[in-house]
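See structure below.
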Amino acid sequence: MKPRRALVREPGDRYTLCISSHPLRHTIDVSLARRQHAEYCRILSELGLEVIHLPRDDDHPDSCFVEDNAVIHGRRALICRMAKESRRGEEVAVEEALREYMPVKRAVPPATIEGGDVIHLPDHLISGVTQRTNREGIAQMEAWLNVKVETIADPRIVHLKSYVTYLGRGMMIATRTYADHPALRAFNVLVVGDDESYAANTLAIGDTVLMPRGYPKLQRLVKEAGFDVIPVNVSEFQKCEGALTCLSLLF
Numbered sequence: 002m003k004p005r006r007a008l009v010r011e012p013g014d015r016y017t018l019c020i021s022s023h024p025l026r027h028t029i030d031v032s033l034a035r036r037q038h039a040e041y042c043r044i045l046s047e048l049g050l051e052v053i054h055l056p057r058d059d060d061h062p063d064s065c066f067v068e069d070n071a072v073i074h075g076r077r078a079l080i081c082r083m084a085k086e087s088r089r090g091e092e093v094a095v096e097e098a099l100r101e102y103m104p105v106k107r108a109v110p111p112a113t114i115e116g117g118d119v120i121h122l123p124d125h126l127i128s129g130v131t132q133r134t135n136r137e138g139i140a141q142m143e144a145w146l147n148v149k150v151e152t153i154a155d156p157r158i159v160h161l162k163s164y165v166t167y168l169g170r171g172m173m174i175a176t177r178t179y180a181d182h183p184a185l186r187a188f189n190v191l192v193v194g195d196d197e198s199y200a201a202n203t204l205a206i207g208d209t210v211l212m213p214r215g216y217p218k219l220q221r222l223v224k225e226a227g228f229d230v231i232p233v234n235v236s237e238f239q240k241c242e243g244a245l246t247c248l249s250l251l252f
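Take 2 as the starting number for the sequence shown in the working numbering and just add one per residue.
Structure below.
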């Protein structure tokens, strides 16, 4: 089902202090990041989504990555408990906004869970068990959202959706590491080459797929699969190890 709304928040003044080991982190341009964010929001609006802008949060450098703050399924939202102390508090404004639309519940210790690990499918979810999401977090998500959750466990990674995303029509994009995982066995998987692995994080809205700009081989595969593609410049978010899905919470 195509989402109706997108919750977003532009980068704050302290965005350059984001959690990142990217070699170009020191070159982050906050003004450019805000322009790229505005263009991203414009595209979402043109695709028919109501774009809901949260107030900027200058106290939390990673606060523009709103996807991590909640998991929404079946008209309910689980408010996430972030793994990194520096990110706790981001979720407060997200929770307040979502209460206008649906029941919400907070994940509680010892759970850690972040939305960047959760792939939404028509009848179930797939979640990473990673550096940011643990099995208690998944158990609380499964119980509150009343949904089956399959898992892909890899303690080496931050978020699963940096490597696997769902396009729709029973199709996935995945890097070679995860393309043959049993959790993906029912899907037609488009495999991303190692030289284009960043592009594995795509944002599908109906028949349109937002992709990071500069990855022609995967773009061609997605077009050949029957989707419209919109390349988006997210260079300043890549430097903070963020990507397209990270920048919005769709519902």
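Ideal Cβ positions, reconstructed from N, Cα and C, are used throughout, including at glycine.
#### Entry: Selection from R170, T152, V130, V193 that minimises the alpha carbon distance to A184
Here residue 184 refers to the residue found at position 183 when the sequence shown is read from its first residue. The shortest Cα separation from A184 among R170, T152, V130, V193 belongs to T152.
#### Entry: G117 (DSSP reduced to helix, strand or coil)
Within the sequence shown, the letter at position 116 stands for residue 117. G117: helix per DSSP, three-state reduction.
### Task
List the whole-angstrom C-beta distance separating V72 from L122, where the pair is believed to meet the contact cut-off of C-beta under 8 angstroms.
Within the sequence shown, residue 72 is the residue found at index 71, counting from 1. Within the sequence shown, residue 122 is the residue found at index 121, counting from 1. V72 to L122, Cβ: 13 angstroms. No contact.
#### Entry: Buried versus exposed call for A112 [16 or more other C-beta atoms within 10 Å across all chains shown]
The sequence position of residue 112 within the sequence shown is 111, counting from 1. Buried, since its Cβ has 16 or more Cβ neighbours within 10 Å.
### Query
Is the CB-CB distance between T131 and P156 below 8 angstroms?
Along the sequence shown, read from residue 1 onward, the residue named residue 131 stands at position 130. Along the sequence shown, read from residue 1 onward, the residue named residue 156 stands at position 155. Cβ distance < 8 angstroms, so T131 and P156 count as in contact.
### Query
Which residues in the same chain have their Cβ closer than 6 angstroms to the Cβ of P149, if we skip the five residues on either side of it in sequence?
Position 148 of the sequence shown, counted from the start, is the residue given in the question as residue 149. As written in the sequence, residue 149 is Lys, which differs from the Pro given in the question. Cβ within range, chain order: H125.
### Message
Restricting to Cα atoms, I'd like to know which of D208, N202, G207, I206 is closest to R214.
### Response
One-based indexing of the sequence shown puts residue 214 at position 213. Residue N202 is the option with its Cα nearest to R214.
#### Entry: R77 - DSSP class collapsed to helix/strand/coil
Translated into positions along the sequence shown, residue 77 becomes position 76. The answer is strand: DSSP assigns R77 an E or B state.
### Query
With distances taken from CA atoms, which of R15, V223, I206 is nearest L50?
To locate residue 50, count along the sequence shown from 1; it is residue 49. Per the Cα distances, I206.
### Task
Go ahead and pull the three-state DSSP assignment for L222.
The sequence position of residue 222 within the sequence shown is 221, counting from 1. L222 falls in the helix class under three-state DSSP.
### Query
For S198, which residues from the same chain have a beta carbon less than 8 angstroms from its beta carbon, with the 5 sequence-adjacent residues on both sides left out?
The sequence position of residue 198 within the sequence shown is 197, counting from 1. Taken in chain order, the residues that qualify are Y164, T176.
### Query
If you run the structure through DSSP and keep just helix, strand and coil, what is K240?
Stepping through the sequence shown from its first residue, residue 240 is reached at position 239. Of the three classes helix, strand and coil, the one that applies to K240 here is coil, per DSSP.
### Query
Does the segment 35-47 touch the segment 87-107, meaning 3 or more C-beta pairs lie closer than 8 angstroms?
no
### Task
Specify, as a first and last residue, the run of the beta strand (DSSP E) that G129 falls within.
Position 128 of the sequence shown holds residue 129. 126-130 is the span of the beta strand (DSSP E), which, as asked, contains G129.
### Query
Using a Cβ-Cβ cut-off of 6 angstroms (strictly less than) and excluding sequence neighbours within five positions of A94, which residues of its own chain qualify?
Your numbering for residue 94 matches position 93 in the sequence shown. The answer, listed in chain order, is L55.
### Task
Can you grab the Cα-Cα spacing for the pair R5 / F252, in whole Å?
If you number the sequence shown from 1, residue 5 lands on position 4. If you number the sequence shown from 1, residue 252 lands on position 251. Answer to the nearest angstrom: the Cα atoms are 6 angstroms apart.
### Task
Work out the CA separation of V192 and L248 for me, nearest whole Å.
Start at 1 with the first residue of the sequence shown, and residue 248 comes out as number 247. Start at 1 with the first residue of the sequence shown, and residue 192 comes out as number 191. Cα-Cα distance, rounded: 23 angstroms.
### Message
Runs of 4 residues minimum, wholly inside the segment 136-218: which ones carry the alpha helix (DSSP H) assignment?
### Response
136-146
### Query
Taking the continuous alpha helix (DSSP H) assigned at E97, which residues delimit it?
If you number the sequence shown from 1, residue 97 lands on position 96. Its alpha helix (DSSP H) spans residues 92-99.
### Task
Could you have a look at E40 and say whether DSSP puts it in helix, strand or coil?
The count along the sequence shown starts at 1 and reaches residue 40 at position 39. Here E40 sits in helix by DSSP.
### Query
With C-beta atoms as the reference, is A108 less than 8 angstroms away from C81?
Taking the first residue of the sequence shown as position 1, residue 108 is located at position 107. Taking the first residue of the sequence shown as position 1, residue 81 is located at position 80. Contact flag set, yes.
### Query
Since D229 sits in a beta bridge, which residues does DSSP pair it with?
As a first step, residue 229 is located in the sequence shown; it is residue number 228 there, counting from the start. Note: D229 sits in a beta bridge opposite T209.
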